[in-house]
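*Asks:* This structure is in structure tokens; I'll ask about it shortly.
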Amino acid sequence: MQKTTLVRISVVLVALLLVLGTSVWAQKLADRPRAASMRSLAYDAKQETAVEGTVLSYTAEAATPPIGAHVQLQTASGTMDIRLGAASYLEANHFSLAKGDSVRVVGASLASRQGTIFLVRLIQKGGQSLALRTAKGAPLSFAGARLLSPAQRASQAGPR
Amino acid sequence: MNRSIMRLLPLVTILLASLTAACNNGGTIVGPPPPPPTGNFSNASLKGQYAFSMSGTELCGPSPGFSTFFARAGSFTADGSGHISGGVEDVNVCTGVGTLPFTSSTYSISADGRGTLNLTNSTGTTSYSLTLTSPTQGFVAQTDGNATASGSLQRQNPAAFSDPAIANGYVFDVFGASSASNPESIIGRFDADGAGNISLGWYDSNEAGTLSGQQLFPAGALYQFDHTFGQSGRGVANIAGHNFAFYVVDATRLKLVGTDFPEVFSGEAFAQRNIAFSDASLNSGFAFLLGGSSSSGPIATAGRFAADGLGNLSEIFLDENNNGTVTLLPSQGGTVAGTYTLDANGLGGGTATWTDTKVGTFTFIFYLISPTEAVFQETDTGITSDGTLLAQTAGPITPASLAGDFASVLSGVTQNGSIVDSNDFVGQLKLTSASGNNATGIMDFTEFSPAHQHQFFDIQSSGPLNITSPGTGPNTLTLTTTFPSPQTFNFTAYAVDANTVFLVGVDNNRVLAGSIARQP
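Taken in order, these protein sequences are the chains called A and B. By my numbering, the letter at position 86 of the first sequence is numbered 86, and the numbering carries on one by one without gaps. By my numbering, the letter at position 118 of the second sequence is numbered 118, and the numbering carries on one by one without gaps.
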């Protein structure tokens with residue numbers, strides 16, 4: 001048999017083994033609790049809308065992801081699942097929510113595995129307005145406190 | 001003392017600790033006495049100069065306070081007998097940046113490599129828990145009420161504390177927050193000439209999902225050792241247009257902390273293999289671990305793929321925990337295929353992309369340190385996440401090959417009732433080749449939020465590590481604690497080799513990422 005033919009057969013066999021190996025591997029992992037929905041949790045500032053409504057319920061602990069505070073909001077067009085991020089950020093800003101509060105939120109809707117959710121960038125209640133996200137849509141709970149005034153920032157300073 | 005009273009004492013201690021935890025918004029909780037530690041570590045194991053770096057969460061602003069990102073890096077000298085004779089650190093905290101020398105400080109290392117470190121500077125004493133993987137390196141976590149953070153430490157080589165020693169190509173990766181408080185990752189590479197000059201600097205920035213594309217360093221790039229703290233291996237650098245303090249581990253590794261306020265960065269630079277990189281440079285299985293922030297909140301990702309040296313990726317697996325939403329690849333009914341490309345300039349930059357037919361496309365960039373190691377950054381919309389890409393052993397990975405003692409480190413967040421805690425864990429994990437409960441752990445960790453700051457010590461856990469042959473894909477590790485309350489942690493474990501395993505949490509109520517590294 002010619003050397004080139006042997007090489008071709010070897011390549012085919014190796015490829016076949018790789019395919020079979022991957023297939024066996026895939027079978028072994030078939031019971032992984034996978035889901036088949038699209039992954040779409042990116043905040044798109046170009047899709048921002050403003051919504052007004054009445055708080056039906058507020059909880060600091062959402063029953064379904066994403067982790068964080070959660071509001072059921074009654075709007076003129078139905079109820080919405082509003083996600084506010086870390087409740088501690090609201091509390092640090094002395095911003096509270098309760099059933100019956102009238103609020104206006106600016107944010108973006110996303111299709112998540114749990115259904116459509118609304119990520120809030122700005123929330124207003126009465127005369128109070130609080131930004132929860134940067135203009136790029138990143139949660140201010142990550143590092144927003146670094147933009148406080150020097151006097152405000154210093155009030156929790158401990159040993160470094 | 002009456003024997004029955006002696007028997008009751010541990011129970012009383014546990015109850016008091018539980019009550020302390022339940023009643024206060026802060027405090028220390030110590031687990032039931034663990035078995036005596038075994039191993040060959042002692043105070044003598046920590047001897048010499050060590051560089052450390054870490055990042056995490058601190059409290060900032062008026063009561064009750066904001067949780068916010070911070071970073072620190074530094075150096076200390078251990079005498080082998082429990083004393084820290086000197087050192088210095090750079091902190092970038094919400095009150096600003098500072099360079100703080102250490103005064104008389106202490107440490108303690110037990111036989112299993114676990115220990116404590118108390119570093120004192122002019123602002124007070126900061127307490128850490130640590131676990132050594134060897135006398136030359138280990139993992140460290142801040143475990144006091146002031147902040148939570150985790151990172152690593154490595155023994156320094158003072159012979160490299162000079163400009164001429166830093167003469168090589170270097171690949172770097174820093175993560176933190178921009179001046180607009182967006183999460184930002186910057187990865188890239190540069191040449192240091194041994195005389196304080198930096199050339200051929202390229203970087204890619206990802207600020208809250210907005211990509212810079214590959215850019216040349218702006219003017220002003222440099223590095224120089226510090227006259228005041230040079231004996232600690234400290235210097236300053238301008239990299240990719242940002243100012244850093246650096247601490248030299250040796251000529252191949254620098255620890256970085258950003259010194260421009262209000263932005264903050266933490267990371268490292270690694271000497272790059274001096275070769276012309278091409279697609280052929282990636283030709284094996286690779287495991288990766290990424291952490292960062294998405295539009296939704298914290299995100300952690302681990303996985304693996306095989307690169308064929310020709311630009312094709314196969315055998316792609318991935319576990320992503322995006323603030324509690326867990327995505328696993330391949331998806332149910334989906335298939336995954338991908339490609340990669342190295343930059344034509346041969347400097348080690350490249351891109352990788354794969355698509356799951358059901359879930360969508362994942363995109364990444366990387367800079368190769370060598371054909372077996374890279375810094376890795378996700379570039380998908382709304383995601384700012386980076387980490388490490390390491391060549392996997394050819395396998396197989398088996399319970400027998402993984403049996404042994406490991407140092408462990410984890411970082412992330414947990415939804416704890418109505419509170420979202422920041423967490424950092426450091427400890428030891430013992431693996432056996434038995435089936436069933438073949439993993440037992442002991443760890444110190446923090447639960448840190450404005451509402452409470454708890455520090456937990458000597459918390460034991462156990463559970464199964466299930467390896468799916470050939471072991472280089474996704475494996476599962478489940479650890480359960482019983483004290484102070486029952487908790488189960490579910491991880492997917494990607495083995496780099498028999499000595500290193502990446503872990504990503506796959507629970508919906510927490511986002512955790514970390515690794516375990518073999519102890520001798």
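Cβ atoms here follow ideal geometry from the backbone N, Cα and C, with glycine treated the same way.
Tell me whether K46 (chain A) sits in a helix, a strand or coil according to DSSP, three-state version.
*Replies:* As a position in the first sequence, residue 46 (chain A) is number 46, starting the count at 1. Correct three-state label for K46 (chain A): helix.
*Asks:* Locate the alpha helix (DSSP H) running through S401 (chain B), then write down its first and last residues.
*Replies:* Counting from one through the second sequence, the residue named residue 401 (chain B) turns up at place 401. It spans P399 to L402 - the alpha helix (DSSP H) in which S401 (chain B) sits, taken as one unbroken run.
*Asks:* Counting contacts by CB-CB distance shorter than 8 Å, is F118 (chain A) in contact with chain B?
*Replies:* Within the first sequence, residue 118 (chain A) is the residue found at index 118, counting from 1. F118 (chain A) does not count as touching chain B.
*Asks:* How would you call G87 (chain B), buried or exposed, if buried means at least 16 neighbouring beta carbons within 10 angstroms?
*Replies:* The sequence position of residue 87 (chain B) within the second sequence is 87, counting from 1. When all chains shown are included, G87 (chain B) counts as buried.
*Asks:* Under 8 Å, Cβ to Cβ, is there at least one residue of chain A near S181 (chain B)?
*Replies:* Residue numbering aside, residue 181 (chain B) sits at position 181 when the second sequence is read from its first letter. True, the Cβ-Cβ gap to chain A drops below 8 Å.
*Asks:* Using a Cβ distance threshold of 8 Å, determine whether the stretch 458-467 of chain B contacts the stretch 434-446 of chain B, with at least three qualifying pairs required.
*Replies:* Because the criterion of three Cβ pairs below 8 Å is met, the stretch 458-467 of chain B and the stretch 434-446 of chain B touch.
*Asks:* Can you give me, in chain order, the residues of the stretch 127-138 of chain A that have a beta carbon less than 7 Å from any beta carbon in chain B?
*Replies:* So the list reads T134, K136, G137 and A138, given in the order they occur along the chain.
*Asks:* Which of helix, strand or coil does DSSP assign to R39 (chain A)?
*Replies:* Position 39 of the first sequence, counting from 1, holds the residue named residue 39 (chain A). Correct three-state label for R39 (chain A): coil.
*Asks:* Give the residues of chain B in contact with E52 (chain A), contact being defined as C-beta atoms less than 8 Å apart.
*Replies:* As a working note, residue 52 (chain A) is residue 52 in the first sequence. Result: empty, since nearest Cβ-Cβ is about 23 Å, beyond 8 Å.
*Asks:* Leaving out the 5 sequence neighbours to the left and right, which residues in its chain are closer than 7 Å to D144 (chain B) when beta-carbon positions are compared?
*Replies:* Taking the second sequence and counting its residues from 1, one reaches residue 144 (chain B) at position 144. Counting only Cβ-Cβ distances below 7 Å, and skipping sequence neighbours, we find T126, S127 and Q455.
*Asks:* Tell me L119 (chain A)'s beta-bridge partners as DSSP assigns them.
*Replies:* Locating residue 119 (chain A) in the first sequence gives position 119, counting from the first residue. Per DSSP, A:R83 and A:A108.
*Asks:* Got a sec? Which residues, its chain only, sit under 6 Å from F139 (chain B) by beta carbon, not counting five neighbours each side?
*Replies:* Your numbering for residue 139 (chain B) matches position 139 in the second sequence. Hits under 6 Å: T131, S152, A407, V409 and V426.
*Asks:* Can you confirm whether the stretch 444-453 of chain B touches the stretch 392-401 of chain B when touching is taken to mean that 3 or more C-beta pairs between the two stretches lie within less than 8 Å?
*Replies:* Touching, no.
*Asks:* Looking at the C-beta of Q415 (chain B), does it have a partner C-beta in chain A at a distance below 8 Å?
*Replies:* Sequence index remark: in the second sequence, residue 415 (chain B) carries index 415 (1-based). Yes, Q415 (chain B) counts as interfacial toward chain A.
*Asks:* What three-state label does DSSP hand R160 (chain A) in the structure shown?
*Replies:* Here residue 160 (chain A) refers to the residue found at position 160 of the first sequence. In the structure shown, R160 (chain A) sits in coil (DSSP, three-state: anything other than H, G, I, E or B).
*Asks:* Any idea which residues DSSP pairs S331 (chain B) with across the strands?
*Replies:* By 1-based counting over the second sequence, the position of residue 331 (chain B) is 331. Looking at the DSSP assignment, S331 (chain B) forms no beta bridge with any residue, so it has no partner.
*Asks:* Any C-beta of chain A sitting closer than 8 Å to the C-beta of P62 (chain B)?
*Replies:* For the purposes of this step, residue 62 (chain B) is taken as residue 62 along the second sequence, with counting starting at 1. It does; some Cβ of chain A falls within 8 Å.
*Asks:* Determine the extent of the alpha helix (DSSP H) in which R153 (chain A) is found, giving its start and end residues.
*Replies:* Your numbering for residue 153 (chain A) matches position 153 in the first sequence. R153 (chain A) -> alpha helix (DSSP H) spans P150 to A154.
*Asks:* If you measure from the beta carbon of A92 (chain A) to each beta carbon in chain B, is any gap under 8 Å?
*Replies:* Within the first sequence, the letter at position 92 stands for residue 92 (chain A). Taking Cβ atoms only, chain B reaches closer than 8 Å to A92 (chain A), which makes this a yes.
*Asks:* Taking the C-alpha atoms as reference points, what is the distance between G68 (chain A) and Y494 (chain B)?
*Replies:* Along the first sequence, one-based indexing puts residue 68 (chain A) at 68. Along the second sequence, one-based indexing puts residue 494 (chain B) at 494. If you take the alpha carbons of G68 (chain A) and Y494 (chain B), they lie about 28 Å apart.
*Asks:* When you compare the CB of G115 (chain A) with every CB in chain B, is at least one pair closer than 8 Å?
*Replies:* Counted from its first residue, the first sequence places residue 115 (chain A) at position 115. No, because no Cβ of chain B sits closer than 8 Å to the Cβ of G115 (chain A).
*Asks:* What residues are listed by DSSP as bridge partners for E89 (chain B)?
*Replies:* By 1-based counting over the second sequence, the position of residue 89 (chain B) is 89. Bridge partners of E89 (chain B): B:G74 and B:L100.
*Asks:* Who are the Cβ neighbours of I186 (chain B) in its own chain at under 6 Å, not counting the five residues just before and after it?
*Replies:* Within the second sequence, the letter at position 186 stands for residue 186 (chain B). Correct list, in chain order: V174, Y203, S205 and A240.
*Asks:* Classify L256 (chain B) as helix, strand or coil using the three-state DSSP reduction.
*Replies:* Within the second sequence, the letter at position 256 stands for residue 256 (chain B). If DSSP states are grouped into helix, strand and coil, L256 (chain B) belongs with the strands.
*Asks:* Mapping the DSSP letters down to three states, classify P158 (chain B) as helix, strand or coil.
*Replies:* Taking the second sequence and counting its residues from 1, the one referred to as residue 158 (chain B) is at position 158. Three-state result, P158 (chain B): helix.
*Asks:* Along the beta strand (DSSP E) that carries T363 (chain B), what are the first and last residues, could you check?
*Replies:* Stepping through the second sequence from its first residue, residue 363 (chain B) is reached at position 363. Element bounds for T363 (chain B): G360 to S370.
*Asks:* Mind pulling the chain A residues with CB within less than 7 Å of A208 (chain B)?
*Replies:* Residue numbering aside, residue 208 (chain B) sits at position 208 when the second sequence is read from its first letter. Those are T134, K136, G137 and A138, listed as they occur along chain A.
*Asks:* If the cut is a Cβ gap below 9 Å, which residues of chain A does T125 (chain B) touch?
*Replies:* The residue you call residue 125 (chain B) lines up with position 125 of the second sequence. Those within 9 Å of T125 (chain B) in chain A are P159.
*Asks:* Can you pull the chain A residues whose beta carbon is under 8 Å from the beta carbon of A177 (chain B), in chain order?
*Replies:* Translated into positions along the second sequence, residue 177 (chain B) becomes position 177. Here the neighbours are F142, A143 and R146.
*Asks:* By the criterion of Cβ-Cβ separation under 9 Å, what are the contact partners of T372 (chain B) in chain A?
*Replies:* Mapped onto the second sequence, residue 372 (chain B) falls at position 372. Correct list: empty, because the minimum Cβ distance to chain A is about 21 Å.
*Asks:* Can you name the residues of chain B whose CB is closer than 7 Å to the CB of Q156 (chain A)?
*Replies:* On the first sequence, residue 156 (chain A) is found 156 positions in, with the first residue counted as 1. L59, C60, G61 and G65, listed in chain order.
*Asks:* Classify V19 (chain A): buried if its beta carbon has 16 or more other beta carbons within 10 angstroms, exposed otherwise.
*Replies:* On the first sequence, position 19 is the one that residue 19 (chain A) refers to. Low local confidence applies: a pLDDT of 46 at V19 (chain A) is under 50, so the model's placement there is unreliable, with the coordinate-based value given in what follows. Exposed, since its Cβ has fewer than 16 Cβ neighbours within 10 Å.
*Asks:* Which whole runs of the beta strand (DSSP E) in the stretch 395-446 of chain B are 3 residues long or more, in chain order?
*Replies:* Listed in chain order, they are 404-416 and 419-431.
*Asks:* Nearest to V326 (chain B) by alpha carbon, out of B:S296, B:G349 and B:E315?
*Replies:* Translated into the one-based positions of the second sequence, residue 326 (chain B) becomes position 326. Of the listed residues, the one whose Cα sits closest to V326 (chain B) is B:S296.
*Asks:* What in chain E is Cβ-close to S401 (chain B), meaning under 7 Å?
*Replies:* Included in the structure are the protein chains A and B, with no chain E among them.
*Asks:* Among B:S162, B:L222 and B:G196, which has the Cα closest to the Cα of D250 (chain B)?
*Replies:* By one-based count along the second sequence, residue 250 (chain B) stands at place 250. D250 (chain B) has its Cα closest to that of B:S162, out of B:S162, B:L222 and B:G196.
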